[in-house]
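Quick notes on the structure that follows.
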Amino acid sequence: MFSREGLARYGAVILLCLIFALASKAQQQQTRWKVLNERVELLFREGKYAEDLVPAQEALRLAEAAFGPESLSVATSLNNLALLRRAQGDYAEAEPLYKRSLSIREKVLGPADPSVATALNNLAVLYATQGKYSEAEPLYTRSLTIREKVLGPESPDVANSLTGLGELFRVQSRYSEAEPLFRRSLAIQRKTAGAELHDFAPTLSNLAGVYYNEGKYSDAQPLYEQALAIWERTLGTEHPRVATGLNNLATVYRAESKYAEAEALFRRSLAIREKTLGPDHPDVAVNLDNLAELYATQRKYSEADVLFKRSLAIREKALGPEHPDVAASLESYAALLRRMGRDPEAQQLETRAKAIRVTNSQQNKAH
201 MFSREGLARY GAVILLCLIF ALASKAQQQQ TRWKVLNERV ELLFREGKYA EDLVPAQEAL
261 RLAEAAFGPE SLSVATSLNN LALLRRAQGD YAEAEPLYKR SLSIREKVLG PADPSVATAL
321 NNLAVLYATQ GKYSEAEPLY TRSLTIREKV LGPESPDVAN SLTGLGELFR VQSRYSEAEP
381 LFRRSLAIQR KTAGAELHDF APTLSNLAGV YYNEGKYSDA QPLYEQALAI WERTLGTEHP
441 RVATGLNNLA TVYRAESKYA EAEALFRRSL AIREKTLGPD HPDVAVNLDN LAELYATQRK
501 YSEADVLFKR SLAIREKALG PEHPDVAASL ESYAALLRRM GRDPEAQQLE TRAKAIRVTN
561 SQQNKAH
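So the number in the working numbering is just where the residue sits in the sequence shown, counting from 1, plus 200.
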């Protein structure tokens, strides 16, 4: 028989063993989640989106089970899965993941934490991609304000916010507002990161986009070339970012009537995107549209017709029938049909494109 004192000691030993066992299990779960999370981030950086989906989903399930549905680990896993879904063109699935991640971070860390700024920035990118510009702008602005206040005006994260907001202005043809943001972002990045990191390339590319849109092709080309070189050197030649760089440089060649050079880059970009993103991704539609424009310029109308049709079908399915990019496809295809003498068909597409433009303009003003 145990004495009371012996029973107490025995109970204490059992309790300590349980505590140690639970602590050991918690540590194992934390380690497992970190390993999964690192793999998710690595595969994403490498552009292996299809391969990344399973570990991203597993990391989220583990975080919810091990740390609770309102933990910061869950917020991180939600954000990573949302990034992946957005990269794959699954915008409807990405949005609730981003919103839940943002909600957790605001609740746990407060509304002015840098992690909240990251969540705001990522949600803004999603809205901008969907053409929801009026919804994206206040998120970009709030993210930038938090980062400048908490991290300082020279932080790399501030540069990231400046680049995002600048690109939002660029796609709306607000070039005079976009350019100073890109230039400030580049100045910060040159001070803090150097020109070899792949994060430096998007700002170069976006600033080149301003020059391209303004018809300053000689200014745009060296920036596009520099961005492409950085992406190829840091990410490899088959990465989706490299496809973006090839496509952008090809648009300059096309504008300069260097058709053979443009076609080669457009086709290489298209091959990379179809391989890494799948044949029905919105970025594939960008390549198809650009290649079709090239063929139309060269009077290769039948080839252009096929590509415009495929691009329009992809955008309608992936983005929805009222997206600004669908309007752009309709307008480009209508211009081709006019050249081919198919005016009644062109008129139908132009009418639909105009209606989409009006709807989007009204929605943006409403917000």
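C-beta: ideal position from N, C-alpha, C; glycine also. None of the values given here were measured: they were computed from a predicted structure.
* Asked: Just the Cα atoms here: how many angstroms apart are residue 552 and residue 513?
  -> 15 Å
* Length at least 4, wholly inside the segment 308-389: the alpha helix (DSSP H) runs in chain order -> 314-329, 333-351 and 356-371
* Cut-off 7 Å between Cβ atoms - residues of its own chain near residue 417, not counting five sequence neighbours on either side -> 452, 455 and 456
* Asked: Taking buried to mean at least 16 other C-beta atoms within 10 Å of its own C-beta, is residue 541 buried or exposed?
  -> exposed
* Any idea if residue 526 is buried or exposed, counting beta-carbon neighbours within 10 angstroms, 16 or more meaning buried? -> buried
* To do: Taking residue 313 and residue 305 to be in contact with their CB atoms under 8 Å, please state how far apart those CB atoms are, rounded to whole angstroms.
  => 7 Å
* Asked: Shortest alpha-carbon distance to residue 554 belongs to which of 528, 310 and 536?
  -> 528
* With respect to the alpha helix (DSSP H) encompassing residue 508, which residues constitute its N-terminal and C-terminal limits? -> 501-519
* Asked: Quick one: what does DSSP say residue 457 is sitting in, helix, strand or coil?
  -> coil
* To do: Could you check the C-alpha separation between residue 384 and residue 368 for me, to the nearest Å?
  => 15 Å
* contact_flag[the segment 480-489, the segment 255-264] where n(CB pairs < 8 Å) is 3 or more -> no
* As assigned by DSSP and simplified to three states, the class of residue 409 -> helix
* Asked: How big is the Cα-Cα spacing for residue 269 and residue 472?
  -> 37 Å
* By DSSP, does residue 445 sit in helix, in strand, or in coil? -> helix
* **Nearest candidate by alpha-carbon position, reference residue 302, set 349, 450 and 273** => 273
* Asked: What are the boundary residues of the alpha helix (DSSP H) that includes residue 277?
  -> 272-287
* Assigned exposure category for residue 337 - 16 Cβ within 10 Å defines buried -> buried
* To do: May I ask you to report which of helix, strand or coil DSSP gives residue 498?
  => coil
* Start and end of the alpha helix (DSSP H) containing residue 525? -> 524-539
* Asked: Around the C-beta of residue 559, are 16 or more other C-beta atoms found within 10 angstroms, so that it is buried, or is it exposed?
  -> exposed
* Kindly list the residues whose CB is nearer than 7 Å to the CB of residue 498, restricted to its own chain and excluding five residues on each side of it in sequence; keep chain order. => 459
* To do: Return the CA-CA distance between residue 347 and residue 360, expressed in angstroms with no decimal places.
  => 10 Å
* To do: Enumerate in chain order the residues of its own chain whose CB-to-CB distance from residue 410 is below 6 Å, with the five nearest sequence positions on each side excluded.
  => 370, 375, 378 and 379
* Asked: In chain order, what residues of the same chain have a beta carbon less than 6 Å from the beta carbon of residue 221, not counting five sequence neighbours either side?
  -> Only weak support exists for where residue 221 lies, its pLDDT of 48 falling under 50; the value from the coordinates is given anyway. Around residue 221: no qualifying Cβ.
* Tell me whether residue 416 sits in a helix, a strand or coil according to DSSP, three-state version. => coil
* Asked: According to the Cβ coordinates, are residue 298 and residue 275 closer than 8 Å?
  -> no
* Pull up the CB-CB distance for residue 372 and residue 333, whole angstroms please, since I reckon it's below 8 Å. => 6 Å
* Exposed unless 16 or more other CB atoms sit within 10 angstroms - verdict on residue 390 -> exposed
* Asked: How many whole angstroms separate the CB atoms of residue 532 and residue 493, which I take to be in contact at a CB cut-off of 8 Å?
  -> 6 Å
* Asked: By the 10 Å Cβ neighbour count, where 16 or more other Cβ atoms means buried, how is residue 547 classified, buried or exposed?
  -> exposed
* Let me know if residue 310 comes out buried or exposed under the rule of 16 or more other beta-carbons within 10 Å of its beta-carbon. => exposed
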